[in-house]
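Residue numbers (the working numbering), protein chains in the order written: chain A, 333 to 451; chain B, -18 to 129.
Beta carbons: idealized from backbone N, C-alpha and C, even for Gly.
A short write-up of the structure that comes next.
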């Protein structure tokens, strides 16, 4: 399994990867991108099974990434890991096809639970 | 403002404990004249203002070392700024969630140095909560800007 972690903070990408290593996804191949544009390239070349994306990023946000994937017809399980989780953001994420929205800070349990429902 | 000092305390403590496994002490520690860093995110839309997270340089390094899982002496300045920026983003994002309404959160910015002040034009402090972490200081400040 390949999981792409998209976040402009390298520190947060480290934390997401470390947290995944404490879950049932410890053996997944973990890929990284620092914004939505970079993620589009990685998704095209690596075809991950799941994208875990921050919402608020420079160059291209997470929600714009999700909309861009839909526009080009790319189907990949997609979840947000974000510091914001307002009802309007949740509604926007779900209407664009996201599987879940996990709030930062998160725990191995909350992340694993979200992934289990999406894959 | 629909966010209390106690909300800010709980959010900050949760971010530092869950992300860094570092418990915070509600007994404040005073900032020294040494170097410090301030992370800032701006909120705009239904509510206008900013959230700043100010820490001493030693505490910023300790936090970054835990985030990157490396010894403090192996960190570079960019990694320390990145770590504080993300801690500020999480703190501000959670505070924004409590504010309700539809607002946008900026990408975090980080200031670093000895003698500086952070200004958010047109905004005034509505809450400032202090902590200690070990013997190092941490202060979270919420500023609100009145929009006509």
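In the DSSP assignment, the alpha helix (DSSP H) including residue i goes from what residue to what residue?
| i | result |
| --- | --- |
| residue 19/B | Taken as a continuous stretch (DSSP letters only), residue 19/B belongs to no alpha helix (DSSP H), being part of the beta strand (DSSP E) at 17 to 26. |
| residue 447/A | 440 to 450 |
| residue 377/A | 368 to 378 |
So that I know if they touch, is there some Cβ in chain B lying closer than 8 angstroms to that of residue i?
| i | result |
| --- | --- |
| residue 414/A | yes |
| residue 334/A | no |
| residue 344/A | yes |
| residue 445/A | no |
| residue 347/A | yes |
| residue 431/A | no |
With a Cβ-Cβ cutoff of 8 angstroms, do residue i and residue j count as a contact?
| i | j | result |
| --- | --- | --- |
| residue 361/A | residue 443/A | no |
| residue 84/B | residue 27/B | yes |
| residue 276/A | residue 339/A | An answer regarding residue 276/A cannot be provided, because it is not within the stretch 333 to 451 covered by chain A. |
| residue 345/A | residue 364/A | yes |
| residue 135/B | residue 34/B | Outside the displayed range of chain B (-18 to 129) lies residue 135/B, so it cannot be described from this structure. |
| residue 37/B | residue 118/B | yes |
| residue 484/A | residue 397/A | Residue 484/A is absent from the model: chain A starts at 333 and stops at 451. |
| residue 63/B | residue 343/A | yes |
| residue 414/A | residue 436/A | yes |
| residue 101/B | residue 23/B | yes |
| residue 153/B | residue 16/B | Given a span of -18 to 129 for chain B in the structure shown, any question on residue 153/B remains unanswerable. |
So the beta strand (DSSP E) residue i belongs to, where does it begin and stop?
| i | result |
| --- | --- |
| residue 365/A | 361 to 365 |
| residue 121/B | 117 to 126 |
Roughly how far, in whole angstroms, is the beta-carbon of residue i from the beta-carbon of residue j, given that I think they are within contact range, below 8 angstroms?
| i | j | result |
| --- | --- | --- |
| residue 124/B | residue 104/B | 4 angstroms |
| residue 6/B | residue 112/B | 6 angstroms |
| residue 46/B | residue 56/B | 6 angstroms |
Going along chain C in order, which residues have a C-beta closer than 8 angstroms to the C-beta of residue i?
| i | result |
| --- | --- |
| residue 396/A | No chain C is present in this structure, whose protein chains are A and B. |
When you compare the CB of residue i with every CB in chain A, is at least one pair closer than 8 angstroms?
| i | result |
| --- | --- |
| residue 112/B | no |
| residue 37/B | no |
Return the chain-ordered ranges of every beta strand (DSSP E) run that is complete within the stretch 388 to 435 of chain A and spans a minimum of 3 residues.
409 to 414, 432 to 435
Ordered list of beta strand (DSSP E) runs contained in the stretch 38 to 110 of chain B, each at least 3 residues
84 to 86, 90 to 94
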